[in-house]
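Trainee: So that we are looking at the same thing, I have put the structure below in structure tokens.
In my numbering, the protein residues as written are 3 to 114.
The following block contains the structure:
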């Protein structure tokens with residue numbers, strides 16, 4: 003049975019959503035495959051100073067970040083992007099990427 007579009011409408015305030023720790027960062031799931039029929043996911047990430055993730059690649063989905071607080075340095079392919087508050091960064095699928103959080107920590111929305 004297909005869910006009506008109107009039945010899928012919802013909202014989450016700041017601090018709401020499933021929260022969990024992942025490799026030292028607090029992630030709060032705002033949307034996932036179940037809510038978007040697999041179209042995208044969105045996480046609110048709070049990361050400590052100098053936090054970093056290993057270089058990796060996504061084969062099936064693009065990934066993007068919107069920095070809310072602090073600063074992050076992104077390494078996407080051969081590009082280096084220093085992102086401060088209110089900066090959008092986009093990495094298309096198939097591009098090796100990673101990021102490092104600045105000395106004051108950071109908070110960002112991640113879309114994939």
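The beta-carbon is built from N, C-alpha and C at its ideal position, and this holds for glycine as well. Just so we're clear, the structure is a prediction, and the values are computed from it rather than from any experiment.
(1) Residue 18 by DSSP, collapsed to three states: which one?
(2) Distance check for residue 64 and residue 79, CA to CA, integer angstroms please.
(3) For residue 26, collect the residues of the same chain with a Cβ closer than 7 Å to its Cβ; drop the 5 residues on either side in sequence, then sort them by chain order.
(4) Can you round the beta-carbon distance between residue 91 and residue 67 to whole angstroms, since I take them to be within the 8 Å contact cut?
(5) Using beta-carbon positions only, say whether residue 31 and residue 19 come within less than 7 Å of one another.
(6) For residue 101, does the count of other Cβ atoms within 10 angstroms reach 16, so buried, or fall short, so exposed?
(7) Which term fits residue 103, buried or exposed, when burial requires 16 or more other beta carbons within 10 angstroms of its beta carbon?
(8) Is the beta carbon of residue 89 sitting closer than 7 Å to the one on residue 45?
(9) Going by DSSP, name the residue or residues bridged to residue 115.
(10) Taking the alpha-carbon positions, what's the residue 28 to residue 109 distance?
(11) Residue 33 and residue 42 look like a contact to me (Cβ under 8 Å); what is the Cβ gap, rounded to whole Å?
Mentor: Reading it off the structure:
(1) coil
(2) 13 Å
(3) 50 and 53
(4) 5 Å
(5) yes
(6) buried
(7) buried
(8) no
(9) Since the displayed the chain opens at 3 and closes at 114, residue 115 lies outside it and no answer follows.
(10) 9 Å
(11) 7 Å
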